[in-house]
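Only one structure is covered here, and it is reproduced in the block below.
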Amino acid sequence: MKMANEIDGGAVVFMMKDKQPLYLLLKSATSDFWGYPKGHVEGNETLVEAAQREIREETGLVAIINPNFTTKVEYDMKNGNHKIITFFVAEVSTDVKVKRQVEEISEYRWCTYQEAFSLVTYDNLRPPLTAANQYIRSHYE
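Quick look at the structure:
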């Protein structure tokens with residue numbers, strides 16, 4: 001049986017506070033892990049559109065996605081499918097209020113890079129954070 005690819009768009013969401021990035025991590029309501037807003041591409045959506053929609057659905061936030069930064073995570077899932085997640089960086093303003101999607105997100109947290117690095121549950125989700133952090137520090141003030 002041929003494996004199917006599951007294509008997701010997601011983002012490392014951040015705000016700049018006192019010239020330091022703070023990262024938004026979400027805790028899944030169903031599997032108890034910490035990660036970033038992400039989800040399946042629907043219909044004819046682009047990866048950017050999918051990431052933007054997932055951020056809005058999961059957090060209520062309207063984020064500005066920077067399409068110049070992308071990083072991918074790929075892994076085989078328990079169901080035999082192969083997941084490919086493309087992550088962007090997405091900025092929100094400092095006065096935003098998160099309205100979490102209760103069915104999917106049990107908790108959220110704004111974190112420094114070190115806090116986020118420790119909190120992320122899966123090792124394969126740390127490299128996108130590190131790459132995003134390096135990009136943000138050199139492109140945002």
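So that you can map any letter, position 84 of the sequence shown is 84 in UniProt numbering, and since no number is skipped, the others follow by simple counting. Ideal Cβ placement from N, Cα and C applies to all residues, glycine included.
Start-to-end residues for the alpha helix (DSSP H) that takes in threonine 59: 47 to 59 is the span of the alpha helix (DSSP H), which, as asked, contains threonine 59.
Within the UniProt domain "Nudix hydrolase" (6 to 133), ranges of the beta strand (DSSP E) (whole runs, at least 3 residues): As summarised for the UniProt domain "Nudix hydrolase" (6 to 133), the continuous beta strand (DSSP E) elements at least 3 residues long and confined to that stretch are 20 to 28, 38 to 40, 64 to 76, 82 to 91, 105 to 111, given in chain order.
Cβ-based neighbour list, isoleucine 105, same chain, cut-off 8 Å, excluding 5 preceding and 5 following: Taking isoleucine 105 as the centre and dropping the five residues before and after it, the same chain places the C-beta of Leu26, Lys27, Ser28, Ala29, Glu58, Thr59 closer than 8 Å to its C-beta, in chain order.
Where glutamate 141 falls, given that 16 or more other Cβ within 10 Å makes a residue buried: Burial call: exposed.
When Glu107, Leu47, Glu91 are compared against arginine 137, the one with the closest alpha-carbon: Cα-wise, what sits closest to arginine 137 is Glu91.
Contact check, valine 41 vs valine 89, beta carbons under 8 Å: By the CB criterion at 8 Å, valine 41 and valine 89 fall outside the cutoff.
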